[in-house]
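Colleague: Before we start, here is the structure in question, set down as C-alpha cells.
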Amino acid sequence: MCLGDAVNVVKIFESTTFGNVLVLDGVIQLTEKDEFAYHEMMTHIPMTVAKEPKNILVVGGGDGGVIRELCKYKSVENIDICEIDEMVIEVSKTYFKNISSGFEDKRVNVFIEDASKFLENVTNTYDVIIVDSSDPIGPAETLFNQSFYEKVYNALKPNGYCVAQVTCSVCFYVPFVHTCGVFTTCHSYILVAYFTTCHSYILVAYFTTCHSYILVAYLLRAIRTYLWRTYYVPFCESIWIHVGTIKSMMGYAKKLFKKVEYANISTPTYPCGCIVESVTYTYVHFIYATCTPFYDNVWMNLHLPYSSGILCCSKPDTGMTKPNRKLESKEFLDLKYYSYENHSAAFKLPAFALKEIENA
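The letter at position 262 of the sequence shown is residue 244 when you use the working numbering, and the numbering goes up by one with no holes.
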C-alpha cells in the first residue's frame, strides 16, 4: 500500500518474515519483527536514569513505539509528541496496532508540526526528550543541526536528559536489480548495481563524503530513465561506515551538555556496513542485498548483523551509562530487548569507535 501527502510518501508492506513494514520516502522505518529493540532502548535508557521523570517530549515517533513504552511508567504525568506528519500516526493506528496502542492513553498530547518550531519558545519544561526522528533528509533535516540541539537543551529542566537516534538508512528504488551494494575502502565509497536485464555490473557512483547519497539518487534516476528498471539500493550510517556523522552530532551536543555518550543497538532492518555472513575483508566492508521484484521478499534475503545507535545527552554530569533503578513491576515484564544489564552494555563500543568519538 502506498500513500502520499505534503510531507512523506508512506508505504506499508506485508512481509512473511518481518510482518508489516513501514517505509517513509523509500526508507525503512520499522518492522513488527524488530521494532522493540530501538523503541525499548531509546525509552528506557533515559527513563531509568532520570529521577522521577514526569513530563516527557517525543520528537517524531509517529509510529507510537516510544509512546507505548513511556505509558508503562505510572509516575509519568504528561507525554507530548511532536510529529510533523499526521499520516504516519494514522497509518500506524491502522496497520501497527500493537505499536501504536499508547496513543489511547489520556496522558498523551499530539502536536502536528515541525519540532524545531515547536521548541522555539519552550524553556525548562521537560524531564526527558526523546528524538525518534526519521533520517536527516527531507522534513527531518531541521533536527540534525546545532540550532535544534540548543532548543532541546533550553526545553529541558536542569537535570534533564535527551536521547536522539543518529542512524540513517536510505533506500532508492532501482525494480529488477539483482544485486546491489556499497563497498567502502578507506574513506571512499563505491556503489555498484548488477542488472539482470543486461547481465552486467554498472558503476553507479564513487564518492568520498558521507553526505553524497544525493548524488547517488540523481545517478540512480538516470539509470532508471535509460534502463526502464527500478528497485532497491541500501545506504546507511553507523559506527562502521559513517562515524564522521556521529562525531558531528556529538560535537553539536558537547557544546551544550555536560555529558554526551553513544549507545549501540542491534536492529536487523536498520542497515550498517559490516561483512557478508562469514566473509572477512581487510579493508573492504560490503553491504549486500539479493533483491527480487516483489516487495515482500526484499528484506528476507539480508544476511547481515545490523545495528543502529542513539546519542545520549545529559545536563547532569553523571551521564546515562548506568541505570538508577531496575524495571521490575508487572508493566515491564514483556520487555524483549532492554534489561538492566543490557543498558550498560549498549555503551561498550569497539575500540576503533571509542577512539573516533572521543575526539568529537
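The C-beta atom is built at its ideal place from N, Cα and C for all residues, glycine as well.
Per DSSP, Thr107 is paired with what?
Modeller: Its beta-bridge partners do not exist; DSSP assigns none.
Colleague: Considering only C-alpha positions, which residue in the set Ile10, Ala32, Lys15 and Lys79 is nearest to Cys294?
Modeller: Ala32
Colleague: Which of the three DSSP states is assigned to Pro334 in this structure?
Modeller: Looking at the sequence provided, one finds Phe at residue 334 rather than Pro. Helix, per DSSP.
Colleague: Val58 by DSSP, collapsed to three states: which one?
Modeller: coil
Colleague: Could you tell me the alpha carbon to alpha carbon distance between Thr161 and Thr25, rounded to whole angstroms?
Modeller: Unreliable positioning characterises Thr161 in this predicted model, as indicated by a pLDDT of 38, which lies under 50. The coordinate reading is nonetheless provided below. Each residue's alpha carbon lies about 36 Å from the other.
Colleague: Spatial neighbours of Ala235 within its chain, please: CB distance less than 6 Å, with the 5 preceding and 5 following residues excluded, ordered by chain position.
Modeller: Tyr131, Val242 and Cys295
Colleague: I need the DSSP call for His325, collapsed to helix, strand or coil.
Modeller: Three-state result, His325: helix.
Colleague: For Lys139, does the three-state DSSP call read helix, strand or coil?
Modeller: Of the three classes helix, strand and coil, the one that applies to Lys139 here is strand, per DSSP.
Colleague: In the DSSP assignment, find the unbroken beta strand (DSSP E) run with Ala245 in it and report its ends.
Modeller: Lys241 to Ile247
Colleague: Measure from the alpha carbon of Asp96 to the alpha carbon of each residue in Asn37, Ile247 and Gly43, then state which is nearest.
Modeller: Checking every option, the nearest Cα to that of Asp96 belongs to Gly43.
Colleague: CB Asn2 to CB Glu14, shorter than 7 Å?
Modeller: yes
Colleague: How many angstroms separate the CA atom of Ser115 from the CA atom of Leu39?
Modeller: 12 Å
Colleague: Could you pull the start and end residues of the beta strand (DSSP E) that Lys(-7) belongs to?
Modeller: Val(-9) to Ser(-3)
Colleague: List the whole-angstrom C-beta distance separating His21 from Glu(-4), where the pair is believed to meet the contact cut-off of C-beta under 8 Å.
Modeller: The Cβ separation is near 20 Å, so there is no contact.
Colleague: From the DSSP output, in three-state form, read off Leu293 for me.
Modeller: strand
Colleague: In whole angstroms, what is the alpha-carbon distance linking Ala333 and Ile27?
Modeller: Answer to the nearest angstrom: the Cα atoms are 22 Å apart.
Colleague: Who are the Cβ neighbours of Asp62 in its own chain at under 6 Å, not counting the five residues just before and after it?
Modeller: Answer for Asp62: Leu39 and Asn91, listed in chain order.
Colleague: In the structure shown, what three-state DSSP assignment does Ile63 receive?
Modeller: strand
Colleague: Can you give the Cα-Cα distance for Leu238 and Ala137, rounded to whole angstroms?
Modeller: Linking Leu238 to Ala137 through their CA atoms gives a straight-line distance of about 12 Å.
Colleague: Going by the DSSP bridge assignment, what does Leu39 pair with across the sheet?
Modeller: In the DSSP output, where bridge partners are listed per residue, Leu39 has Asp62 and Ile111.
Colleague: Report the three-state DSSP secondary structure of Ile71 (helix, strand or coil).
Modeller: helix
Colleague: Starting from Thr13, follow the beta strand (DSSP E) in both directions and report where the run begins and ends.
Modeller: For Thr13, the uninterrupted beta strand (DSSP E) run begins and ends at Val9 to Thr13, by DSSP.
Colleague: Between which two residues does the beta strand (DSSP E) holding Ile49 run?
Modeller: That residue, Ile49, is in no beta strand (DSSP E); its alpha helix (DSSP H) goes Gly47 to Leu52.
Colleague: Compute the beta-carbon to beta-carbon distance between Ile221 and Leu309, rounded to the nearest angstrom, for a pair I have assumed lies under 8 Å.
Modeller: Between Leu309 and Ile221 the Cβ distance is about 27 Å, and since that is not below 8 Å, they are no contact.
Colleague: According to the neighbour-count rule (16 or more other Cβ atoms, all chains shown, within 10 Å of its Cβ), is Glu65 buried or exposed?
Modeller: buried
Colleague: With respect to the beta strand (DSSP E) encompassing Ile94, which residues constitute its N-terminal and C-terminal limits?
Modeller: Val90 to Ile94
Colleague: Throw me the rounded Cβ distance for the Ile49 and Phe100 pair, which I believe falls under 8 Å.
Modeller: Contact doesn't hold; Cβ gap of about 16 Å is too wide.
Colleague: Using 10 angstroms around the beta-carbon of Glu323, count the other beta-carbons present and answer buried if the total reaches 16, otherwise exposed.
Modeller: By the 16-neighbour rule on beta-carbons within 10 angstroms, Glu323 is exposed.
Colleague: Looking at Ile339 and Lys240, is the spacing between their C-beta atoms short of 7 Å?
Modeller: no
Colleague: Please name the residue or residues paired with Val5 in a DSSP beta bridge.
Modeller: Lys(-7) and Ile10
Colleague: Taking Cβ positions, are Cys53 and Asp87 nearer each other than 7 Å?
Modeller: yes
Colleague: Excluding sequence positions up to five away, which residues of its chain have a Cβ less than 8 Å from the Cβ of Lys36?
Modeller: Ser57, Val58, Glu59, Asn60 and Asp109
Colleague: If you draw a straight line from the C-alpha of Val5 to the C-alpha of Asn106, how long is it?
Modeller: 35 Å
Colleague: Which residue from Leu12, Gln128, Ser98 and Arg89 puts its Cα closest to that of Val73?
Modeller: Leu12
Colleague: CA-CA distance, Leu317 and Cys144?
Modeller: Taking the Cα positions, Leu317 is about 21 Å away from Cys144.
Colleague: For the candidate residues Lys79, Tyr244 and Tyr55, whose alpha-carbon lies nearest to that of Lys312?
Modeller: Tyr55
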